[in-house]
Every structure is written in structure tokens, then in C-alpha cells.
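Working notes, structure below.
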Amino acid sequence: SYDPSEISFKQIRIDEILLDARQQVQLANPHYKIDIHFSESGNEDEITLPGNEYLLKTAFANLFENGCKFSTDKQSNVSVYFKNNSIVLKFSDKGVGISSHDLEKIFTPFYRGENKTVAEGNGIGLYLTQKIIQLHKGKIVVESERGSGTIFAVEMHHN
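Per our numbering, the sequence shown starts with residue 1, numbered consecutively.
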């Protein structure tokens, strides 16, 4: 519910934000495994975009934490690649997956799906993550299948 004009944006490097988010999650959960893969070697212009470091770190940490929390191997991966004038991040896990019924409501505040028996939470993380990505004029989509894991794809533009 923040007024976007009140949030400070500056040029930030997505790779640094991802590394900080990973460190934050692993400090709190040392048994979590988080891998970051860059599918192409991006240059400084490709990996940099206007954003709020704190908010993006919060969004990415939430995606890492959810991936680990809902996976028996406690692992989350992110692949980063560049297309046109965008950065695309695909957060994936091999966890319990999300039912098609729950997928429709996954970004609803305080919604806890069928997976609530697998891990604790309050149903606010994905809602906040979506709002943060939208605030950055990006989009987030989710693909999942029960028993096969989940992929959250985040796309953000350089301008």
C-alpha cells in the first residue's frame, strides 16, 4: 500500500541482491541449499536495473525460503537470463508442488493452501512478493504440479 513516489529507487545489481537474499535465508536456515545460475554472462547494463534493494531482497528471500521450505531436499534454485530489455529470474524447486485450485489463490493475502501441513507460514509472503515485483513494474507468474515442484518466474525491465 506504499505510495511508489515515497520509495527510493536507484540503480542496483540483481546478482548482488540475489547473493544477499541467499545469505540472509541461509543464515537463518543453515540446512537450506540455494543455487544461483546465470545462463548467460550478462554485462553491467544487463544485470543492473532501477529498484529498491531492501524490497527486492525481501521478495527474493521469500521465494528462496518457500522453495526450500516446501522441498524434501530443502533446495531452491534460481536461473537468471536476459531477454530483450529484461532480466528473467526462474526460482525453482522439486518440492510438493501446488494444486491447480491453490494456484488460483496463491497471491491472495493470508491464503494458506493444501501445503500448510508441510510447512509453517502465515500466507503473506507471496502476496508481498507479488506487490514488490509489481512496484518494480515487473511481473511474477507461477507454474506448478503436485509432486513435481514449482517455478516462480519473475521478469523485470531495465527501464
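Built from N, CA and C at the ideal position, the CB exists for glycine as well.
- When the beta-carbon positions are compared, residue 92 and residue 38 stay at least 9 angstroms from each other.
- Residue 97 sits in coil when the DSSP states are folded into three classes, being neither helix nor strand.
- Inter-segment contact for the region 124 to 134 and the region 95 to 102 is absent: fewer than three beta-carbon pairs are separated by less than 8 angstroms.
- If the five residues before and after residue 46 are omitted, its C-beta is found closer than 6 angstroms to the C-beta atoms of 82, all from its own chain and listed in chain order.
- Under the 10 Å beta carbon count, residue 148 is surrounded by fewer than 16 other beta carbons and is classified as exposed.
- For residue 17, the uninterrupted alpha helix (DSSP H) segment begins and ends at 14 to 28.
- Each residue's CA atom was taken as its position, placing residue 60 and residue 15 some 11 angstroms apart.
- Around the CB of residue 96, 16 or more other CB atoms lie within 10 Å, so the residue is classed as buried.
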